[in-house]
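Asker:
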Amino acid sequence: ASNTLTSSYNTGPVSGTADYIGGLVGFANTAQTISSSYNTGEIRNSTGTKRYVGGLVGALGSSGASTIQGSYNTGAIYGGSDVGGLVGSAYNASITTSYNTGTVTGFYCPSNNCNNSGGVGGILGTSTSSGSIYVTISESYNQGTIKGPTGVGGLVGHGYNNRILDSYNKGNVSGSFLITHKVFRRG
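Following this note's numbering, the numbering of the sequence shown begins with 162 at its first residue and continues without gaps.
Right under this line is the structure:
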């Protein structure tokens, strides 16, 4: 089974004390299609130590390919790790013609070991893809400030098997280990 959100939005603050917090969806283990949708509200893990926080979706699971198209976030995003302007964590997803302009901040390093922390990214916090499964980001951008202790990136904070096409970051990125992301073009 899959779920579809079209022309959907959130403009209010969303706050929680556990994992999986999103402006539209907290956790989706089945395929999601999100199009022409947005969040302008602040999304916050109030403890600053929990994972999977995103402007649109906290986490996209592994059961089916998900798509986010023509969608955006302008709200500030605060979480522990796996924090993204659009999606906190994803396994099998395509994000196209979408953007983030909100500030994205991650605070937490599990067991005080920042090398094993999830990422903090302008579009996607962490990609968990493997093998022949990919997360693809195309024709998308970040202009928000991205801050975190480690695994910090303008587009993707931390991940495996990413395809980034015709996408860019113009936001300030700061962290002890970061990837600024230049413009990626097809070909």
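Every residue, glycine too, gets a C-beta built ideally from N, C-alpha and C. In this text the structure is predicted, and so the values were computed from the model without any measurement.
How long is the line joining the alpha carbons of SER196 and GLY209, rounded to whole angstroms?
Answerer: Along the sequence shown, one-based indexing puts residue 196 at 35. Along the sequence shown, one-based indexing puts residue 209 at 48. For SER196 and GLY209, the distance between alpha carbons rounds to 29 Å.
Asker: Tell whether a beta-carbon distance below 8 Å holds between VAL317 and SER288.
Answerer: For the purposes of this step, residue 317 is taken as residue 156 along the sequence shown, with counting starting at 1. For the purposes of this step, residue 288 is taken as residue 127 along the sequence shown, with counting starting at 1. Going by C-beta atoms, VAL317 is nearer than 8 Å to SER288.
Asker: What distance in whole Å lies between the Cβ atoms of PHE188 and GLY222, which are believed to be in contact at a cut-off of 8 Å?
Answerer: Position 61 of the sequence shown, counting from 1, holds the residue named residue 222. Position 27 of the sequence shown, counting from 1, holds the residue named residue 188. That belief holds up - the Cβ atoms of GLY222 and PHE188 are roughly 7 Å apart, short of 8 Å.
Asker: Within a Cβ cutoff of 6 Å, which residues of the same chain sit near THR297, ignoring the five residues on either side of it in sequence?
Answerer: Here the question's residue 297 lines up with position 136 in the sequence shown. If we look at THR297 and ignore the five residues flanking it on each side, its Cβ neighbours are SER255, ARG324.
Asker: Which residues in the same chain have their Cβ closer than 6 Å to the Cβ of ASP243, if we skip the five residues on either side of it in sequence?
Answerer: As a first step, residue 243 must be located in the sequence shown, where it is residue number 82. If we look at ASP243 and ignore the five residues flanking it on each side, its Cβ neighbours are ARG212, TYR213, GLY249, SER250, GLY279, GLY286, THR287.
Asker: Across which residues does DSSP place LEU285 in a beta bridge pair?
Answerer: Residue mapping note: residue 285 aligns to position 124 of the sequence shown, counting from 1. The partner list for LEU285 (beta bridge, DSSP) reads VAL248, VAL317.
Asker: Run through the DSSP bridge pairs and tell me what LEU221 is partnered with.
Answerer: For the purposes of this step, residue 221 is taken as residue 60 along the sequence shown, with counting starting at 1. Answer by DSSP bridge pairing, in chain order: ALA189, ALA251.
Asker: Would you mind sorting THR191 into buried or exposed? The rule is 16 or more other CB atoms within 10 Å of its CB.
Answerer: Residue mapping note: residue 191 aligns to position 30 of the sequence shown, counting from 1. So THR191 counts as exposed.
Asker: Assuming the contact rule is C-beta atoms closer than 8 Å, SER232 and SER198 should be a hit. Round their C-beta distance to whole Å, please.
Answerer: In the sequence shown, the residue the question calls residue 232 occupies position 71. In the sequence shown, the residue the question calls residue 198 occupies position 37. That belief holds up - the Cβ atoms of SER232 and SER198 are roughly 5 Å apart, short of 8 Å.
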